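S.K.:
Protein chains: 2
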Amino acid sequence: MASPLNNTTTSDQEMADLERHDCVERVQWVLNTPKPPGLSQELIGTAVSWRNKVPFLNMQSGLKNELFSMLKATFPILSWCQNYKPNHFKHDLLAGLTLASLCIPQSIGYANLAKLDPQYGLYTSVVPPLIYTLMGTSREIAIGPVAVISLLLSSMVQKLEDPMANPIAYHKLVLTVTFFAGTFQAAFGLFRSGFLIDFLSHAALVGFMAGAAIVIGLQQLKGLLGITHFTNKTDVISVLKVVWSSFQHPWNPYNFLLGCSFLIFILITRFLARKNKKLFWLPAIAPLVSVVLATLIVFLTKADKHGVNIVKHIKGGLNPSSVDQLQFNGPHVGELAKIGLIVAIIALTEAIAVGRSFAVIKGYHLDGNKEMVAMGFMNIIGSFTSCYVATGSFSRTAVNFSAGCETAMSNIVMAVTVFISLELLTKLLYYTPVAILASIILSALPGLIDVNEACNIWKVDKLDFLACIGAFVGVLFATVEIGLLVAVTISFAKIIVVSIRPGTETLGKLPETDAFGDVNQYPMAVKTPGVLIMRLKSALLCFANANFVRERIMKWVIEEEKDSKLRNAEKTIQIVILDISNLMDIDTSGIASLEELHENFDSNGMKLAIANPRWQVIHKLKLANFVPKIGGRVFLSIGEAMASFSI
Amino acid sequence: MASPLNNTTTSDQEMADLERHDCVERVQWVLNTPKPPGLSQELIGTAVSWRNKVPFLNMQSGLKNELFSMLKATFPILSWCQNYKPNHFKHDLLAGLTLASLCIPQSIGYANLAKLDPQYGLYTSVVPPLIYTLMGTSREIAIGPVAVISLLLSSMVQKLEDPMANPIAYHKLVLTVTFFAGTFQAAFGLFRSGFLIDFLSHAALVGFMAGAAIVIGLQQLKGLLGITHFTNKTDVISVLKVVWSSFQHPWNPYNFLLGCSFLIFILITRFLARKNKKLFWLPAIAPLVSVVLATLIVFLTKADKHGVNIVKHIKGGLNPSSVDQLQFNGPHVGELAKIGLIVAIIALTEAIAVGRSFAVIKGYHLDGNKEMVAMGFMNIIGSFTSCYVATGSFSRTAVNFSAGCETAMSNIVMAVTVFISLELLTKLLYYTPVAILASIILSALPGLIDVNEACNIWKVDKLDFLACIGAFVGVLFATVEIGLLVAVTISFAKIIVVSIRPGTETLGKLPETDAFGDVNQYPMAVKTPGVLIMRLKSALLCFANANFVRERIMKWVIEEEKDSKLRNAEKTIQIVILDISNLMDIDTSGIASLEELHENFDSNGMKLAIANPRWQVIHKLKLANFVPKIGGRVFLSIGEAMASFSI
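Protein sequences, first through last, are from chains S and V. Residue numbering for the first sequence follows the UniProt record's numbering, starting at 1 and increasing by one per position. Residue numbering for the second sequence follows the UniProt record's numbering, starting at 1 and increasing by one per position.
See the structure below:
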């Protein structure tokens, strides 16, 4: 009888030995990893691997082929032009004409918002769309001046030069900013550093856009109420003060009446179009119709003699060259470059967001870096031809899409139409009332305020919502720049808080599996008596949280021990397994705190084991000689750690 | 024959069904977790749970007991005093006297560095150590003025008031800064916000201390060379310019000779002590011996008549009250509070670092928050009694420890000794040469420069080393504040870069286990054909990296597919499992990028599955309605995901 029993024991023993041997071998896997790439190497590697995707550097054999493929990569129009059919052009022509009818009044209004003469808005709707058509990859995007960029430009540049007192000097500064913005955009694209435009989080953008829309709306009160002495500040309080004080003086109601009635007209057309999708062209041409009607009314009633402000002279003709107006040696160059950078990022963020959303609908991929290069060149060349910063417009792109555009050709149609108007029709706009431009801008603003998305952000993440509200309040009550700064700061502070928050969670074994889970997340998880399995809630164990985490773990262990004593559990805690699988990195303070933990546990008769370290982390622990200090108790997984203690 | 086979099949089928049923149930575990606490709740919870540990708020029954335990918690001296034995006092007396002999010359020297009259240094060695003894928990720390804080104070306060032109006004500002620093320190302790002192990473501190030591050393050239017109700036270049221009003029070599010879004397005593541990007292009393000898030499040779600068009059007597000198309404209050905050943090960082390192040696726990309260009150009361900011000194604490101190009583002995000297001996210091003070300060500086630790940091983490060097270079070539700012910025930038670096790793199954590991970290890991298992290298998927990560994964999948086609593998990739176990958080941009990935895969006939989401992440994915979009393919682990696809 003894023999089989003995046998079994031996066999069990052998099995256990074998198991242990395997376990030891697997511990060696953890400890003897190859040297990981350094963080700097990795980041440089990322940059290089993206660099290699730059079309110009991707030479293939055959000089002619090569040249043509280079040209094709730089000018995507060469690709899609080959398959361009008359049927496409029919659609693009219709879309382009619709676009132009919306674009002409908007361009004049936005130029007004940018504190430039009206023709500069029209110029900006001619050259940049043409350049973009040659180089861009989006098929729907409508290029030209937009409200937010116009506001940004005027609010920042007028701190350097007063647009009323020195319109020519102010215009030179705006052109220089345009040049810088284009250069930055092209550089971002060429160096594949498109991630820079990601620095403005979605939540921050929603708040910023809504704030900017309200600020732009308030600026329109100038035109709508015919106020002559308006403020240069953009915050709500300054603007409302001016509006309030203007009510004290006698004021002319005609401007307001004219603006409001046409605003209501445009809003009604939009309402109709929403009811019946086929009427999409109605709100698109409503602004032009309003301009024509209002101009006629003023012309016929001579209302300009009765206090209605009119646009007056618009300089006609093609964009004049402005190369000699760029200012690279003056006291403001640094400041202009800074403004250029901010404008470049906001313009790209807006354009790529709008481009992507329509590309997804039509199911094609938008190359962010190519877009940036295209936008950059269109603004650089724009700055040579009297344009200010152009980008993709939310509202006009939607109209372009609804009008059934097929390719970027619709932008060409639009540019040509605007060009013809510049040549022939500017004289007709002499009597256009300023109030009508204000109402056209106002009618485009609701699209910038996305209350639904803000609610959604609130639902998903409270801290993101804080960034959103921060940007909104900052833009509204301080300046546009402060709003941006607040949003970026909150967004990055959130990253820091989330990655170093000093928390731990207790893990338990999930029944019928080998997996371990947070006992709060998975209430069915079972703790093993005598063992405490913990996981850090932070992604880094570093100077900023190492002490806190150490004290947290100590406190937790002490409480768990008290608890198990109270429950008269058979076993008090003997082993603490620390799962560090989610630690991305550890620094000297973090290693020191682990060492201190180990010493504390050791003096209390407990053992510390480390499970599942990542590559970088185990490498650093080895460098700091931590592994021998804790008796080599580093394991591949929690399960392996448990097995090694024969639990 | 058919029957058993059939049976087996049925049984297999049943088993598989059962298995699948289990798997489905476990998917429900993942999806039906309780609602996780919000980040804000969690952070507030952390604060509250720490608040509860404040002794004053932890009332127990019994008013008398309660009061006494409150008193004991506030004044730890009441606890250790009860067990204080004569034998302890013998050790403390010896240590205290040794400490005093080092402290008196250092205090005068540091007061000089802080651009205050010598007696203020001595005052600072009387009151703060006494208060600390009542409230502090460290047994070894030696309290008093220290070099770095003296430098910080003088370099920042002299921008507001010239210490040469208006010594009284300057002194008032220093007192006010001391008050602010104390208030901040006490507040940090009371509100358990000790994590604030962790904001200066270990690496940054090493660099900062080394830079400050060199700057302090350069400042000593004034005393050592007897330069009368020194610069107020602290950067290397300004100081070396002044020194260079002073060489152009005729100069007096006596100061230099005197200072250097005694510096060499002190360094020799230190060298002897390092050779023979029993001679630890030799470098401790060497400064006092130097002062006595040098003073005697000057007195006997009348060297002060030959150009040797001497200390001259030191005001004797006990600390005068300075309550009425604090300035809370002046133009500088905001600036003074800012300086107070910086000084408070640096002082605490130094004191707690030195206190902890000795507490670890003696094996007791140092309560960081209690320490901060003690330091805070000692500086507040110090500011009422003509002291400037005191903290724990690196060099003197080491001497105190070597001299065998048992409790904080040695600080009392030291304070009493300094007090007696103030009453009786200040007249004897009239002829003390300034150069000797410079050499005493210089001799204490090498302890602040830790080249070994810098090498260690370089070895373990290159980015940490960058923070270290940034602080060093900033302090050396710009100002102390800029050095600190650079260090803090680099440290936090590192946290951001590590937690959002846009990388992915491919996982494979580790042989003989159920675990999956990075194929680069574990070269033995085996990939399953037809399945691509990926894990993010970042801790957050958010606005800043979502696009990048999405493009990375797409590129990787395309490459893997090409690769498997090249290898003529049986299966192309059909399933992409994304292990997101290390994602601490996700925001709307992150979710959008996952959705886009899913759509891309879907249109290429691949399936995306998510494995092992954390609590917060799955909660947000559910809120954003992501789970049904990917067909509910969210699993507990990679293994479960594989099982569900029957691989």
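The beta-carbon is built from N, C-alpha and C at its ideal position, and this holds for glycine as well. This structure is a prediction, so every number in the text was calculated from the model and none was measured.
According to DSSP, is residue 535 of chain V part of a helix, a strand, or is it coil?
M.R.: strand
S.K.: Output the distance between the C-alpha atoms of residue 649 of chain V and residue 176 of chain V, rounded to the nearest integer angstrom.
M.R.: This structure leaves residue 649 of chain V out entirely; chain V is present only between 1 and 647.
S.K.: Do you know offhand how far residue 617 of chain V's Cα is from residue 459 of chain S's?
M.R.: 14 Å
S.K.: Taking its Cβ as the centre, do 16 or more other Cβ atoms sit within 10 Å of residue 139 of chain S, making it buried, or is it exposed?
M.R.: Buried, because 16 or more other Cβ atoms sit within 10 Å of the Cβ of residue 139 of chain S.
S.K.: Is the CB of residue 499 of chain V under 8 Å away from at least one CB in chain S?
M.R.: yes
S.K.: Listed from N- to C-terminal order along the chain, which residues in the stretch 201–233 of chain S have their beta-carbon within a distance smaller than 7 Å of any beta-carbon of chain V?
M.R.: 201, 202 and 203
S.K.: What is the rounded straight-line gap between the Cα of residue 299 of chain S and the Cα of residue 306 of chain S?
M.R.: 12 Å
S.K.: By Cβ distance, which residues of its chain are closer than 6 Å to residue 634 of chain S, with the 5 residues on each side in sequence left out?
M.R.: 30, 610 and 627
S.K.: Among V:531, V:544 and V:541, which residue has its Cα nearest to the Cα of residue 558 of chain V?
M.R.: Here the closest residue by C-alpha is V:531.
S.K.: Show which residues of chain V have a CB atom less than 8 Å away from the CB atom of residue 620 of chain S.
M.R.: 460 and 461
S.K.: Return the first residue and the last residue of the alpha helix (DSSP H) that residue 482 of chain V is part of.
M.R.: 480–500
S.K.: Do the stretch 202–217 of chain S and the stretch 460–475 of chain S make contact, defined as three or more Cβ pairs closer than 8 Å?
M.R.: yes
S.K.: Going by C-alpha distance, which of V:608, V:591 and V:121 is nearest residue 456 of chain S?
M.R.: V:591
S.K.: Classify residue 694 of chain V: buried if its beta carbon has 16 or more other beta carbons within 10 angstroms, exposed otherwise.
M.R.: Outside the displayed span of chain V (1 to 647) sits residue 694 of chain V, for which this structure offers no information.
S.K.: Secondary structure at residue 507 of chain V, three-state DSSP: helix, strand or coil?
M.R.: strand
S.K.: Three-state secondary structure (DSSP) at residue 438 of chain V?
M.R.: helix
S.K.: Leaving out the 5 sequence neighbours to the left and right, which residues in its chain are closer than 8 Å to residue 638 of chain V when beta-carbon positions are compared?
M.R.: Correct list, in chain order: 507, 516, 533, 577, 579, 611 and 612.
S.K.: Under 8 Å, do residue 584 of chain V and residue 539 of chain V count as touching if we go by C-beta distance?
M.R.: yes
S.K.: For residue 582 of chain S and residue 582 of chain V, which I take to be in contact (beta-carbon distance under 8 Å), what is that distance rounded to the nearest angstrom?
M.R.: 4 Å
S.K.: Take residue 292 of chain S and list the residues in its own chain whose beta-carbon comes closer than 7 Å to its own, dropping the five residues that flank it on each side.
M.R.: none
S.K.: Any beta-carbon of chain S closer than 8 Å to the one on residue 457 of chain V?
M.R.: yes
S.K.: Have a look at residue 152 of chain V and residue 346 of chain V and give me their C-alpha separation to the nearest angstrom.
M.R.: Rounded to the nearest angstrom, the gap between the Cα atoms of residue 152 of chain V and residue 346 of chain V is 9 Å.
S.K.: At 4 residues or longer, and completely inside the stretch 575–627 of chain S: list those alpha helix (DSSP H) runs for me, N to C.
M.R.: For the stretch 575–627 of chain S, whole alpha helix (DSSP H) runs of length 4 or above, ordered along the chain, are 588–603 and 615–623.
S.K.: Can at least three beta-carbon pairs, one atom from the stretch 108–124 of chain V and one from the stretch 346–359 of chain V, be found at a separation below 8 Å?
M.R.: no
S.K.: Taking 8 Å as the limit between beta carbons, can you name the residues of its chain near residue 404 of chain S, skipping five residues before and five after?
M.R.: 91, 94 and 95
S.K.: Would you say residue 641 of chain V lies against chain S (beta-carbon separation less than 8 Å)?
M.R.: No, no contact with chain S.
S.K.: Count the other C-beta atoms from every protein chain shown that fall within 10 angstroms of the C-beta of residue 165 of chain S, then say buried if there are 16 or more, exposed otherwise.
M.R.: exposed
S.K.: Would you check if there are 3 or more beta carbon pairs closer than 8 Å linking the stretch 412–420 of chain S to the stretch 270–279 of chain S?
M.R.: no
S.K.: Could you spell out the range, first to last residue, of the alpha helix (DSSP H) harbouring residue 191 of chain V?
M.R.: Here residue 191 of chain V belongs to no alpha helix (DSSP H), and DSSP marks it neither H nor E.
S.K.: Secondary structure at residue 541 of chain V, three-state DSSP: helix, strand or coil?
M.R.: For residue 541 of chain V, the secondary structure class from DSSP, reduced to helix, strand or coil, is strand.
S.K.: Listing by chain order, which chain S residues have their CB less than 9 Å from the CB of residue 524 of chain V?
M.R.: 29
S.K.: Could you say which of S:72, S:445, S:343 and S:268 lies nearest to residue 218 of chain S if we only look at CA atoms?
M.R.: S:445
S.K.: Distance check for residue 182 of chain S and residue 233 of chain S, CA to CA, integer angstroms please.
M.R.: 26 Å
S.K.: Compare the C-beta of residue 496 of chain V against all C-beta atoms of chain S and say whether one is closer than 8 Å.
M.R.: yes
S.K.: Thinking residue 391 of chain V and residue 146 of chain V are a contact (beta carbons under 8 Å), I'd like their distance in whole angstroms, please.
M.R.: 6 Å
S.K.: Just verifying my parser: in three-state terms, what is the DSSP assignment at residue 433 of chain V?
M.R.: strand
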